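Peer 1: Protein chains in written order, with the working numbering: chain A, 180 to 254; chain B, 180 to 254.
Every residue, glycine too, gets a C-beta built ideally from N, C-alpha and C.
Source: prediction; values computed, not measured.
Protein chains: 2
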Amino acid sequence: MLVRPKVGILDPQGQAVEDSLRQLGFSVADARIGRVVDLDVDAVDVVQARADVERMCEQLLANPLIESYEIEITG
Amino acid sequence: MLVRPKVGILDPQGQAVEDSLRQLGFSVADARIGRVVDLDVDAVDVVQARADVERMCEQLLANPLIESYEIEITG
């Protein structure tokens, strides 16, 4: 799953990366930093896996006030 | 682009998330944490964009000793 700062939310880490890339001579209009969380979960099927990961996001992995998340189920 | 700790490299952040998820009652076999970096770059085409982002990864965004990265170009 991917967790990103919501649009409009300040992202100081992304701003620092953007500034550093420009100082290195790269042409960058914007940089935003989020997290990728790779989880290996036990679930009977894809539907249950997605429901479980959604609950994990709400309870621990993302802050819904300032972050959005995206779940991708594989394997 | 996605930056992840390489296989075999300790990931204390992932370990902490794994422990916390188990304490919340979730059945998780493994959790690994990396970064997602969304970049808006100026490039003439997809080939140049990918080459630029690869150089950004090598120079700033990833530590090739302990991290692997994956580049996806959109737009």
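1) Between the segment 199-228 of chain B and chain A, which residues of the former have CB atoms less than 9 Å from a CB of the latter, in chain order?
2) Could you give the distance in angstroms between the alpha-carbon of Val223/A and the alpha-carbon of Asp231/A?
3) Alpha carbon to alpha carbon, how far is Val225/A from Ile245/B? Give it in angstroms, no decimals.
4) Of the residues that make up the segment 232-243 of chain B, which ones have a beta carbon closer than 8 Å to any beta carbon in chain A?
5) What in chain A is Cβ-close to Val196/B, meaning under 8 Å?
6) For Leu181/A, would you say it is in contact with chain B, using Cβ-to-Cβ distances shorter than 8 Å as the test?
7) Under the three-state reduction of DSSP, which class applies to Pro184/A: helix, strand or coil?
8) May I ask which residues mark the beginning and end of the alpha helix (DSSP H) holding Asp231/B?
9) Per DSSP, what kind of secondary structure is Glu246/A in: helix, strand or coil?
10) Would DSSP call Val208/B helix, strand or coil?
11) According to DSSP, what are the bridge partners of Asp219/A?
12) For Arg214/B, write down the residues that DSSP places opposite it in a beta bridge.
13) Who are the Cβ neighbours of Pro184/B in its own chain at under 7 Å, not counting the five residues just before and after it?
14) Taking only the alpha-carbon atoms, compute the straight-line gap between Val207/B and Asp219/A and give it to the nearest angstrom.
Peer 2: Taking the definition as stated:
1) Ser199, Leu200, Leu203, Phe205, Ser206, Val207, Ala208, Asp209, Ala210, Arg211, Ile212, Gly213, Arg214, Val215, Val216, Asp217, Leu218, Asp219, Val220, Asp221 and Ala222
2) 11 Å
3) When rounded, the distance between both Cα atoms is 31 Å.
4) Arg234, Met235, Gln238, Leu239 and Leu240
5) Val216, Leu239 and Leu240
6) yes
7) strand
8) Val225 to Met235
9) strand
10) The residue asked about is misnamed: residue 208/B is Ala in this sequence, not Val. The three-state secondary structure of Ala208/B, taken from DSSP, is strand.
11) Asp209/B
12) Arg214/A and Val182/B
13) Asp190, Arg211, Gly213, Ile245 and Glu246
14) 6 Å
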